[in-house]
């Protein structure tokens with residue numbers, strides 16, 4: 001009917017505690033990249049509210065996973081194991097009744113296993129709940145490549161650049177690795193580097209959450225070496241469902257968030273590129289050297305040109321704000337895609353059935 005080895009089964013609790021610690025490590029990892037200041041977000045960037053709210057939502061979700069592993073699931077299993085350990089001898093008939101009650105779940109587990117290749121995960125005597133992989137190995141320092149940070153090729157020097165202090169200041173600064181126009185642009189449109197790092201951190205966290213779910217499935221399969229029978233099969237089916245929910249209700253939304261931040265990178269940088277001529281003009285005008293470029297123009301013509309550039313800038317900023325507003329709405333909507341794991345029925349309600357038997 002069933003077998004149960006309490007000493008071996010009890011060791012799964014340590015494995016679940018480790019999964020909780022993995023979730024907590026993921027939350028701490030992400031916080032190192034989501035702390036984007038107002039200036040980094042850009043003075044015309046409307047992403048700040050959604051960014052802050054979503055950061056809180058993700059933190060809460062990771063805290064929920066921590067509690068699920070270290071409290072909800074662990075305590076339920078401990079209570080279940082206690083039933084088998086303390087009352088098996090005098091209540092064998094009732095436990096047999098439970099085995100009959102969970103017959104359908106046994107078939108569900110067998111059907112699932114028949115549909116996949118390979119054997120269920122198994123532990124060893126020395127390490128009965130060995131983890132397949134370390135989820136925290138995905139929580140690595142974000143390193144951005146050239147493809148992650150857009151930067152167009154520098155515009156060749158024109159005749160008018162000879163008279164522009166902006167060009168010479170920029171040229172000198174490029175030799176020491178500082179981009180003054182880019183620094184100004186980030187303050188206007190947003191720091192695309194910070195957004196890019198945020199996107200990669202979310203994607204790394206999603207990979208880590210997937211690893212947590214895979215380890216959870218392995219651990220409940222490894223539990224079969226200590227506990228067999230229909231009630232175990234019900235536990236296996238329920239925990240597999242929870243692992244699936246972790247992936248669809250946590251990992252997948254995290255990847256969608258990463259997609260939105262990557263879109264913010266493109267939007268912020270493209271806005272900077274569109275506004276760059278205006279930024280150059282502002283820098284030149286502030287030094288007075290830029291006036292050389294308009295000596296051959298009449299005042300009226302120069303004013304009309306400035307007005308046109310200003311209107312172009314206003315229009316481009318409005319377009320950027322509309323784009324960011326849409327991204328902000330998308331980020332806000334993603335908060336609803338995170339799902340909480342069921343507290344009741346997360347594992348088979350053996351104790352309830354036992355009390356009613």
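In full-length UniProt numbering, the protein residues as written are 1 to 357. All C-beta atoms, glycine included, are put in the ideal place defined by N, C-alpha and C.
Only residues of its own chain outside the window of five on either side were considered, and among them 123 and 124 have a CB closer than 7 Å to the CB of residue 130, listed in chain order. Bounds of the alpha helix (DSSP H) holding residue 103 are 103 to 114. The DSSP-derived three-state label of residue 4 is strand. By the neighbour-count criterion, in which 16 or more other beta carbons inside 10 Å mark a residue as buried, residue 340 falls on the exposed side.
Each residue's CA atom was taken as its position, placing residue 83 and residue 98 some 12 Å apart. Nearest neighbour of residue 338 by Cα position, chosen from 147, 244 and 10, turns out to be 244.
Judged by their CB atoms, residue 136 and residue 208 are nearer to each other than the 9 Å cut-off.
Separation of the CB atoms of residue 269 and residue 192 is rounded to 5 Å, and the pair is thereby assigned contact status at 8 Å.
For residue 127, no alpha helix (DSSP H) segment is defined, and its DSSP state is neither H nor E.
When the alpha-carbon of residue 126 is set against those of 277, 7, 266 and 319, the nearest one is in 7.
For the 9 Å CB-CB criterion, residue 2 and residue 230 form a contact. In this structure, residue 16 places its C-beta atom within 9 Å of the C-beta atom of residue 77. The distance from the Cβ of residue 53 to that of residue 332 is about 7 Å, consistent with a contact at the 8 Å cut-off. Around the beta carbon of residue 236, 16 or more other beta carbons sit within 10 angstroms, so the residue counts as buried. For the pair residue 106 and residue 75, the Cα-to-Cα distance works out to about 23 Å.
Bridge pairing for residue 228: 3 [DSSP].
Linking residue 145 to residue 200 through their CA atoms gives a straight-line distance of about 11 Å. Comparing alpha carbon positions, the residue from 4, 27, 11 and 275 closest to residue 251 is 27.
Shortest Cα-Cα distance from residue 142 to any of 58, 96 and 198 involves 198.
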